[in-house]
């Protein structure tokens, strides 16, 4: 991890794309402008952070803007990690896809789209990945209720088809 | 056979039901330019229920003759919403849930989650607990590699090795049963340490196993390395270079097989791994044989680590003394009011965790397994996300098998070692 000073220097080099830095439990996070995430990740790759370890989706409900996407970058030579975070609103959940430069983000962006409804502009194949294709809603959002999923057993098929809203 | 169309069906279901086999009844015609019909592309649905997919993985394979032209993995069949469930439970009650993700590497799931929570609450893990964790993690790594070796060899047509591998795995599960009472999903790791100290006789049993395991691994190597069929199906098939693998986010034995010695146990030691002397096996070309050889060699290294951990096992507590996160010992409940209060608070509400987000990576049998935990200050996590190596590594399969034969695809999926419980979560 870069130390707290290193993080500030790193953020300063990113210019006005960086909005905020957080140094928490020896882990460095840079929050950046959601429209410039590809540019920022490209700049960090130039500084040696050339491995995208993971992409997480987060719902910060009730804080605004609610949705967050976090990119975990890793510098394998210096064994140094830095998080890049973008925040978008539920009304306009759009972030540029980083798949052209980072092919590993493909499945992970699809997962975040599936679970949180963040739309990644320019993703080659943005479909649901874990939930069924005809599923409605984004289940990992904090305001999505737990339970109430109808369980479709063959013995209840008739009943379920007749009253689709009623859990069998 | 056609069904009456149901108006309540969604577009997707309707499309799914509209697929019929009527095309099969029509005679095959030659192509327009007189080419052979075998040159046409054929889309083959492989799975989700197929013994060679190592779980409920579905692959849409586009074939030209016997050559794979395109492959699309379709996942989600065992998605059980574990990450959502975790948000509804107190921190320490999440452990058994996350353990069930990658069901062959349960200690690793618990380890990733516990170390993330330990970072958040800033709790020190006592040295004895760290060593006990290493012992169980490495035994679990051997068990996971044994299942991989057995099932992969089964895919390649070698049946007997599967029985041998399960025989040795059984011994490891017996050890787990001895230390925690469970054979799988043991919930042995707790936030701040491990559940209980190892029982008497455990060390002797582990040492017996450690003496046996390298001999047995020699036997596996002898069987498979002298099997012409296995060698022909593994050597030189579906290689992928380290550069492409890194771009795809692939870590673990797959990356090491391509010659990159990246291993978090060495690169960024956690849980006292810096105390142990072990080697990182690497391959040269990154073909299926290297993937096989690297994992087989890792079994010997894990044996070495467990041996050293047993030799150097420090004395001391097996779990942190911090009563705010760890349950007090049973005998204290009868004598100390404070212990009773702590016990009550922990069991009913659980401990509160300072707000923040952390990412805790460890080296699982399949690569970088990491847990991202966000806390909002309450006693339940606001977000638990597992970076499961199988989920990320699965993206490499299409790069590996494009242009090779369908039989090599079976071998490649086997050498990829995907665990669908971890992929779908």
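Residue numbers (our numbering), protein chains in the order written: chain A, 1 to 168; chain B, 1001 to 1425. C-beta: ideal position from N, C-alpha, C; glycine also.
Distance between residue j and residue i (C-alpha atoms, nearest Å)
i                      : j                      : result
residue 31 (chain A)   : residue 38 (chain A)   : 13 Å
residue 1298 (chain B) : residue 1396 (chain B) : 22 Å
residue 1388 (chain B) : residue 1164 (chain B) : 28 Å
residue 1330 (chain B) : residue 48 (chain A)   : 51 Å
residue 1345 (chain B) : residue 1353 (chain B) : 14 Å
residue 1075 (chain B) : residue 65 (chain A)   : 31 Å
residue 157 (chain A)  : residue 135 (chain A)  : 18 Å
residue 140 (chain A)  : residue 1247 (chain B) : 27 Å
residue 1038 (chain B) : residue 1064 (chain B) : In this predicted model, residue 1038 (chain B) has a pLDDT of only 49, less than 50, meaning its place in the structure is not dependable; the value taken from the coordinates is given anyway. Each residue's Cα considered, the two are about 7 Å apart.
residue 99 (chain A)   : residue 123 (chain A)  : 7 Å
residue 1249 (chain B) : residue 1391 (chain B) : 10 Å
residue 1141 (chain B) : residue 1104 (chain B) : 9 Å
residue 80 (chain A)   : residue 74 (chain A)   : 6 Å
residue 119 (chain A)  : residue 1281 (chain B) : 41 Å
residue 138 (chain A)  : residue 145 (chain A)  : 10 Å
residue 1327 (chain B) : residue 1232 (chain B) : 55 Å
residue 105 (chain A)  : residue 1265 (chain B) : 24 Å
residue 1215 (chain B) : residue 1167 (chain B) : 14 Å
residue 1018 (chain B) : residue 1012 (chain B) : 10 Å
residue 1378 (chain B) : residue 1108 (chain B) : 25 Å
residue 1071 (chain B) : residue 26 (chain A)   : 41 Å
residue 1278 (chain B) : residue 1257 (chain B) : 17 Å
residue 95 (chain A)   : residue 125 (chain A)  : 15 Å
residue 1178 (chain B) : residue 1199 (chain B) : 7 Å
residue 1099 (chain B) : residue 1399 (chain B) : 30 Å
residue 1287 (chain B) : residue 1228 (chain B) : 17 Å
Own chain, CB closer than 6 Å to residue i, minus 5 neighbours either side, in chain order
i                      : result
residue 1309 (chain B) : 1131, 1134, 1135
residue 166 (chain A)  : Because the pLDDT of residue 166 (chain A) is 49, which lies under 50, any placement of that residue in the model is unreliable, and the number read from its coordinates should be weighed accordingly. Excluding residues within five positions, none has a Cβ falling inside 6 Å.
residue 1128 (chain B) : 1314, 1316, 1318
residue 56 (chain A)   : 70
residue 1094 (chain B) : 1086
residue 1171 (chain B) : 1209
residue 964 (chain B)  : Only positions 1001 to 1425 of chain B appear in this structure, which leaves residue 964 (chain B) out of reach.
residue 1062 (chain B) : 1041, 1043, 1069, 1070
residue 1197 (chain B) : 1318
Same chain only: Cβ atoms within 7 Å of residue i, ignoring 5 sequence neighbours per side
i                      : result
residue 1210 (chain B) : 1303, 1306, 1307
residue 129 (chain A)  : 107, 110, 111, 114
residue 20 (chain A)   : 31
residue 1203 (chain B) : 1310
residue 8 (chain A)    : 21
Beta-bridge pairing of residue i - partner residues as DSSP gives them
i                      : result
residue 1072 (chain B) : B:1060
residue 70 (chain A)   : A:56, A:85
residue 1383 (chain B) : B:1374
Reference residue i; option with closest CA among the options
i                      : options                        : result
residue 1393 (chain B) : B:1385, B:1412, B:1377, B:1403 : B:1412
residue 69 (chain A)   : A:86, A:23, A:53, A:111        : A:86
residue 1242 (chain B) : B:1044, B:1261, B:1170         : B:1261
residue 1049 (chain B) : B:1059, B:1400, B:1169         : B:1059
residue 1244 (chain B) : A:52, A:20, A:42, A:82         : A:52
residue 1290 (chain B) : B:1068, B:1341, B:1234         : B:1234
residue 82 (chain A)   : A:147, A:145, A:23, A:153      : A:23
residue 1273 (chain B) : B:1137, B:1068, B:1052, B:1019 : B:1137
residue 1223 (chain B) : B:1162, B:1174, B:1041, B:1055 : B:1162
residue 102 (chain A)  : A:154, A:41, A:46, A:95        : A:41
residue 1312 (chain B) : B:1275, B:1196, B:1295, B:1069 : B:1275
Beta-carbon proximity of residue i to residue j, cut-off 8 Å
i                      : j                      : result
residue 1115 (chain B) : residue 1362 (chain B) : yes
residue 1102 (chain B) : residue 1422 (chain B) : yes
residue 1191 (chain B) : residue 1117 (chain B) : yes
residue 1239 (chain B) : residue 1285 (chain B) : yes
residue 1325 (chain B) : residue 1159 (chain B) : no
residue 142 (chain A)  : residue 61 (chain A)   : yes
residue 1415 (chain B) : residue 1226 (chain B) : no
residue 1384 (chain B) : residue 1083 (chain B) : yes
residue 1089 (chain B) : residue 1360 (chain B) : no
residue 1417 (chain B) : residue 1237 (chain B) : no
residue 1356 (chain B) : residue 1092 (chain B) : no
residue 97 (chain A)   : residue 1370 (chain B) : no
residue 1144 (chain B) : residue 1365 (chain B) : yes
residue 1147 (chain B) : residue 1169 (chain B) : yes
residue 117 (chain A)  : residue 93 (chain A)   : yes
residue 1126 (chain B) : residue 1348 (chain B) : no
residue 11 (chain A)   : residue 18 (chain A)   : yes
Contact set for residue i: own chain, Cβ-Cβ below 8 Å, skip 5 residues either direction
i                      : result
residue 1382 (chain B) : 1087, 1374, 1375, 1376
residue 77 (chain A)   : 48
residue 1219 (chain B) : 1164
residue 1402 (chain B) : 1068, 1069, 1070, 1071
residue 1206 (chain B) : 1135, 1139, 1175, 1306, 1310
The ligand FMN heavy atom lying under 7 Å from the CB of residue i
i                      : result
residue 1083 (chain B) : Annotation note on the ligand FMN: not contained in the displayed structure, which lists no ligands.
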